[in-house]
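Chemist: The structure under discussion is supplied below as structure tokens; questions concerning it will follow.
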Amino acid sequence: MTMRWEAFLNQVRERGEYKTTEEAERAARTVLALLGAHLVGRVRAELAARLPEHLALILLNPLQAHEPLSPERFVRATAAWIEGATEQTATWDVSAVLSVAADAAGDELTRRILLQLPAGYDLLFGHPQPA
Numbered sequence: 000m001t002m003r004w005e006a007f008l009n010q011v012r013e014r015g016e017y018k019t020t021e022e023a024e025r026a027a028r029t030v031l032a033l034l035g036a037h038l039v040g041r042v043r044a045e046l047a048a049r050l051p052e053h054l055a056l057i058l059l060n061p062l063q064a065h066e067p068l069s070p071e072r073f074v075r076a077t078a079a080w081i082e083g084a085t086e087q088t089a090t091w092d093v094s095a096v097l098s099v100a101a102d103a104a105g106d107e108l109t110r111r112i113l114l115q116l117p118a119g120y121d122l123l124f125g126h127p128q129p130a
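97 is the number that numbering that gives the first Met the number 0 gives to position 98 of the sequence shown; each next residue is one higher, with no gaps.
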């Protein structure tokens with residue numbers, strides 16, 4: 000089921016403790032553009048189908064990644080794309096967006112998403128995996 004635009008942004012705004020919806024939207028657009036570069040095939044398409052249309056298009060037309068980024072490098076890349084962000088605030092941005100995306104995806108799809116990503120993304124999605 001596709002999550003509605005307002006619902007997605009409201010959840011990101013709440014989890015990220017943003018003052019405005021615009022801040023939540025900026026984080027969502029940046030994080031999903033970077034995530035889209037790391038997901039391929041059916042998994043990316045299935046996640047896109049569960050996101051609001053505006054964000055699905057961003058996920059499906061991602062920024063280009065030359066190699067898979069570790070979670071730490073993903074956070075640094077997010078910080079580079081968000082004006083005034085630090086690694087600490089970017090970690091907050093990434094976790095707020097990815098945890099809402101995981102809720103939209105559901106457990107089974109989130110598990111398949113995590114299989115496509117380097118180790119350590121489970122914490123950013125709010126789905127810690129046993130060691």
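Note that the Cβ used here is the ideal one computed from N, Cα and C, for glycine as well.
Computed from a predicted model, the values in this text were never measured in an experiment.
1) Restricting to Cα atoms, I'd like to know which of VAL96, PRO127, GLN115 and PHE124 is closest to ALA36.
2) If the criterion is Cβ atoms closer than 8 Å, does the pair THR20 and LEU38 meet it?
3) Please report the Cβ distance between ALA118 and MET2, rounded to the nearest whole angstrom; I am assuming they are in contact, meaning their Cβ atoms lie under 8 Å.
4) Ordered along the chain, which non-local residues of its own chain (more than five positions away) have a Cβ less than 6 Å from that of LEU59?
5) What's the gap between the Cα of LEU122 and the Cα of LEU113?
6) Going along the chain, which residues of its own chain have a beta-carbon closer than 6 Å to the beta-carbon of PRO61, five neighbours each way excluded?
7) Where do the N-terminal and C-terminal ends of the alpha helix (DSSP H) with GLU5 fall, by residue?
8) At the level of alpha carbons, what is the spacing between VAL99 and THR109?
9) Note down, in chain order, each residue of its chain lying with its Cβ closer than 8 Å to the Cβ of GLU71, except the 5 sequence neighbours on either side.
10) According to DSSP, is ILE57 part of a helix, a strand, or is it coil?
Modeler: Checking against the coordinates, here is how it stands:
1) GLN115
2) no
3) With 8 Å as the limit, ALA118 and MET2 do not qualify as a contact, their Cβ atoms being about 27 Å apart.
4) ALA47
5) 10 Å
6) ALA32, GLY35 and ALA36
7) 4–15
8) 11 Å
9) GLY119
10) helix
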